[in-house]
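**Student:** In the numbering used here, the protein residues as written are 1422 to 1877. Encoded as structure tokens, here's the structure I'll be asking about.
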């Protein structure tokens, strides 16, 4: 597509260049050819050429014989100098050009350039170069010697090939004569700029079109990546939730079937053990259901919040969590100031958020003694709540996705730990719905720090 754009732009530029000032060019070509009909260079130019060259051909032949054909000589140089001086002094093209522009109401930015490209002398059938643009002459002004030839008149700078109106070569027959080529250019000094401005709208339109197509393709690709990622996470979620729900259900079913055994019925100790198993698995199953339901409520409904003391909320939540801890050796530290810290919050959502953070701190921790620190302080920006653990930490490539719905780390250790990938997503929803801010820092095998800022 880029190649098509470049091809289209180049052809548009070529078309505009070919059509640029075509009417003016045709007009000046006709005007110039009429003005030099039966003349040379400009009206009256032939008389000057005859005066300086035709009448001096014999003398020029003698000077070349004396110095050699390969070298210039003083006499030829003086003839050339006086010729160019008179041609420039008597140039009528300035007034003629300006007059035609005024009469025909043409663009006043148009300029012309009249140059003699080369002059050769044919002396007794031998050809001598009197002037060629490739040779720089010390006695002629440098500013008038150009690659186009010697400037007789005009202010057009660096004319383009398309700027040429007429290029003529004058020659005649016979053993003694001169040959001369001269050119007449008409154009604007800012020709390229104007053509580029003419092409610019089409070029910009092409750029915008390509940018739009690329943007659409890019957005489509991003959507595809997001959809694929979401599909993969949902697939993982289905697999996880199938396992998570099947495990307690299977345990309950086995325990229930065992309770029908006569040996168990007659043995109160065995019966109590099975009842405790059913109770634990039922609680676990209820917790899973509540987690999914809580996420649905947070996703779809507004929260109802009230003013509570942050310190009291943390004390109650940490105490309740400590009571429910079984088996794991967990040291839970609570650091809160003595002064009141009133915040507007939904108490249920806050407790569930904190429980999810504490659950992760315990689950993803392979230390013998698991340490969790909850700290709340008052800062200039608001109340700062930090939850710190000494667990396994979070890998750097997972940090950007830990709050995504259904996301679970690809780490092998994490995959051996049960879960639905909803805990930190719930934490994120709670923080977002309350208008708080969260940041996370982590170091592998050292621990993770969750920092929640609650503005005043």
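Just so it is clear, CB atoms sit at the ideal spot from N, CA and C, and this is done for glycine as well.
Mark residue 1696 as exposed unless 16 or more other C-beta atoms lie within 10 angstroms of its C-beta, in which case mark it buried.
**Tutor:** As a first step, residue 1696 is located in the chain shown; it is residue number 275 there, counting from the start. Exposed is the call here.
**Student:** Taking only heavy atoms of the ligand GTP into account, decide whether any of them is closer than 6 Å to the Cβ of residue 1578.
**Tutor:** The ligand GTP is not part of the structure shown, which contains no ligands of any sort.
**Student:** Could you give the distance in angstroms between the alpha-carbon of residue 1819 and the alpha-carbon of residue 1684?
**Tutor:** Position 398 of the chain shown, counted from the start, is the residue given in the question as residue 1819. Position 263 of the chain shown, counted from the start, is the residue given in the question as residue 1684. For residue 1819 and residue 1684, the distance between alpha carbons rounds to 51 Å.
**Student:** In whole angstroms, what is the alpha-carbon distance linking residue 1565 and residue 1624?
**Tutor:** For the purposes of this step, residue 1565 is taken as the residue at position 144 of the chain shown. For the purposes of this step, residue 1624 is taken as the residue at position 203 of the chain shown. Their Cα atoms are separated by approximately 38 Å.
**Student:** Would you give the residue range spanned by the alpha helix (DSSP H) that residue 1488 belongs to?
**Tutor:** Here residue 1488 refers to the residue found at position 67 when the chain shown is read from its first residue. That run of the alpha helix (DSSP H) goes 1478-1488.
**Student:** Using the Cα positions of residue 1824 and residue 1875, report the straight-line distance between them to the nearest angstrom.
**Tutor:** In the chain shown, the residue the question calls residue 1824 occupies position 403. In the chain shown, the residue the question calls residue 1875 occupies position 454. Spanning the two alpha carbons is a distance of roughly 18 Å.
**Student:** Taking the CB atoms as reference points, tell me whether residue 1577 and residue 1534 lie closer together than 7 Å.
**Tutor:** Counting from 1 along the chain shown, the entry for residue 1577 is found at position 156. Counting from 1 along the chain shown, the entry for residue 1534 is found at position 113. Yes, these two residues count as a Cβ contact at 7 Å.
**Student:** Who are residue 1575's beta bridge partners in DSSP?
**Tutor:** As a first step, residue 1575 is located in the chain shown; it is residue number 154 there, counting from the start. Residue 1575 is bridged to 1534.
**Student:** Could I get the ranges of all uninterrupted beta strand (DSSP E) runs contained in the segment 1576-1635, with 3 residues as the minimum, in chain order?
**Tutor:** Runs found: 1585-1591, 1597-1609.
**Student:** Would you mind sorting residue 1671 into buried or exposed? The rule is 16 or more other CB atoms within 10 Å of its CB.
**Tutor:** Looking up residue 1671 in the chain shown gives position 250. When all chains shown are included, residue 1671 counts as exposed.
**Student:** According to DSSP, what are the bridge partners of residue 1755?
**Tutor:** Sequence index remark: in the chain shown, residue 1755 carries index 334 (1-based). Residue 1755 pairs with 1795.
**Student:** Taking buried to mean at least 16 other C-beta atoms within 10 Å of its own C-beta, is residue 1842 buried or exposed?
**Tutor:** As a position in the chain shown, residue 1842 is number 421, starting the count at 1. By the neighbour-count rule (16 or more Cβ atoms within 10 Å), residue 1842 is buried.
**Student:** Distance check for residue 1788 and residue 1758, CA to CA, integer angstroms please.
**Tutor:** Locating residue 1758 in the chain shown gives position 337, where the first residue counts as 1. Locating residue 1788 in the chain shown gives position 367, where the first residue counts as 1. Roughly 29 Å between the two C-alpha positions.
**Student:** In chain order, what residues of the same chain lie with their CB nearer than 7 Å to the CB of residue 1467, ignoring the 5 residues before and after it?
**Tutor:** Numbered from its first residue, the chain shown carries residue 1467 at position 46. Excluding residues within five positions, the ones whose Cβ falls inside 7 Å are 1460, 1461.
**Student:** Examine the Cβ distances between the segment 1598-1612 and the segment 1533-1549 and report whether three or more of them are shorter than 8 Å.
**Tutor:** Flag = yes, the segment 1598-1612 and the segment 1533-1549 touch.
**Student:** Check residue 1459 in the structure and name its three-state DSSP category.
**Tutor:** The residue given as residue 1459 occupies position 38 in the chain shown. Three-state DSSP puts residue 1459 in coil, outside helix and strand.
**Student:** Spatial neighbours of residue 1834 within its chain, please: CB distance less than 7 Å, with the 5 preceding and 5 following residues excluded, ordered by chain position.
**Tutor:** For the purposes of this step, residue 1834 is taken as the residue at position 413 of the chain shown. Legend: pLDDT at residue 1834 = 48, less than 50; position of this residue unreliable, value from coordinates given subsequently. Excluding positions up to five away in sequence, the list reads 1813.
**Student:** What do you get for residue 1510, buried or exposed, if any count of 16 or more other CB atoms within 10 angstroms of its CB means buried?
**Tutor:** Counting from 1 along the chain shown, the entry for residue 1510 is found at position 89. Classification of residue 1510: exposed, given that the 10 Å Cβ count is below 16.
**Student:** Based on DSSP bridge pairs, tell me the residues matched to residue 1473.
**Tutor:** Locating residue 1473 in the chain shown gives position 52, counting from the first residue. According to DSSP, residue 1473 bridges with nothing at all.
**Student:** Going by DSSP, name the residue or residues bridged to residue 1863.
**Tutor:** Residue mapping note: residue 1863 aligns to position 442 of the chain shown, counting from 1. Per DSSP, 1869.
**Student:** In the DSSP assignment, the alpha helix (DSSP H) including residue 1507 goes from what residue to what residue?
**Tutor:** Sequence index remark: in the chain shown, residue 1507 carries index 86 (1-based). Per DSSP, residue 1507 belongs to the alpha helix (DSSP H) from 1495-1510.
**Student:** How about residue 1781 and residue 1844: do their beta carbons lie closer than 7 Å?
**Tutor:** On the chain shown, residue 1781 is found 360 positions in, with the first residue counted as 1. On the chain shown, residue 1844 is found 423 positions in, with the first residue counted as 1. Result yes, Cβ atoms of residue 1781 and residue 1844 sit closer than 7 Å.
**Student:** Under 6 Å Cβ to Cβ from residue 1732, same chain only, skipping five residues before and after it: list those, please.
**Tutor:** Here residue 1732 corresponds to residue number 311 of the chain shown, with the count starting at 1. Once the five neighbours on either side are set aside, the close Cβ partners of residue 1732 are 1757, 1762.
**Student:** Quick one: what's got a C-beta closer than 8 Å to residue 1445's C-beta in the same chain, skipping five residues either side?
**Tutor:** Position 24 of the chain shown, counted from the first residue, corresponds to residue 1445. Excluding residues within five positions, the ones whose Cβ falls inside 8 Å are 1527, 1528, 1531, 1607.
**Student:** Beta-carbon within less than 8 Å of residue 1864's beta-carbon, same chain only, minus the 5 sequence neighbours each way: which residues are those?
**Tutor:** Taking the chain shown and counting its residues from 1, the one referred to as residue 1864 is at position 443. For residue 1864, where only same-chain residues beyond five positions count, the Cβ hits under 8 Å are 1814.
**Student:** Alpha carbons only, please: which of 1768, 1739, 1750 is nearest the one belonging to residue 1811?
**Tutor:** Against the chain shown, residue 1811 aligns to sequence position 390. Of the listed residues, the one whose Cα sits closest to residue 1811 is 1750.
**Student:** Quick check on this structure: which residue in 1633, 1548, 1866 has the alpha carbon closest to the alpha carbon of residue 1596?
**Tutor:** Within the chain shown, numbered from 1, the residue matching residue 1596 stands at position 175. When each option's Cα is compared against that of residue 1596, the closest is 1548.
**Student:** Put residue 1876 into one of helix, strand or coil per three-state DSSP.
**Tutor:** Along the chain shown, read from residue 1 onward, the residue named residue 1876 stands at position 455. It is a strand residue.
**Student:** What's the C-alpha gap between residue 1794 and residue 1765?
**Tutor:** Within the chain shown, the letter at position 373 stands for residue 1794. Within the chain shown, the letter at position 344 stands for residue 1765. The straight-line gap from Cα to Cα measures roughly 23 Å.
**Student:** What's the C-alpha gap between residue 1822 and residue 1637?
**Tutor:** Here the question's residue 1822 lines up with position 401 in the chain shown. Here the question's residue 1637 lines up with position 216 in the chain shown. Taking the straight line joining both Cα atoms gives about 25 Å.
**Student:** State the DSSP-derived secondary structure class of residue 1671, mapped to helix, strand or coil.
**Tutor:** As a first step, residue 1671 must be located in the chain shown, where it is residue number 250. Residue state, collapsed to three classes: helix.
**Student:** Does DSSP put residue 1522 in a helix, a strand or coil?
**Tutor:** As a position in the chain shown, residue 1522 is number 101, starting the count at 1. Of the three classes helix, strand and coil, the one that applies to residue 1522 here is helix, per DSSP.
**Student:** Starting from residue 1843, follow the beta strand (DSSP E) in both directions and report where the run begins and ends.
**Tutor:** Numbered from its first residue, the chain shown carries residue 1843 at position 422. No beta strand (DSSP E) holds residue 1843; DSSP gives it neither H nor E.
**Student:** Taking the C-alpha atoms as reference points, what is the distance between residue 1558 and residue 1494?
**Tutor:** By 1-based counting over the chain shown, the position of residue 1558 is 137. By 1-based counting over the chain shown, the position of residue 1494 is 73. Distance between the alpha carbons of residue 1558 and residue 1494 is about 12 Å.
**Student:** Please state if the CB of residue 1725 and the CB of residue 1851 are separated by a distance shorter than 7 Å.
**Tutor:** The count along the chain shown starts at 1 and reaches residue 1851 at position 430. The count along the chain shown starts at 1 and reaches residue 1725 at position 304. Result no, Cβ atoms of residue 1851 and residue 1725 do not sit closer than 7 Å.
**Student:** Using 7 Å as the threshold, is the C-beta distance between residue 1847 and residue 1777 below it?
**Tutor:** As a working mapping, residue 1847 is identified with position 426 in the chain shown. As a working mapping, residue 1777 is identified with position 356 in the chain shown. Yes. Within cutoff.
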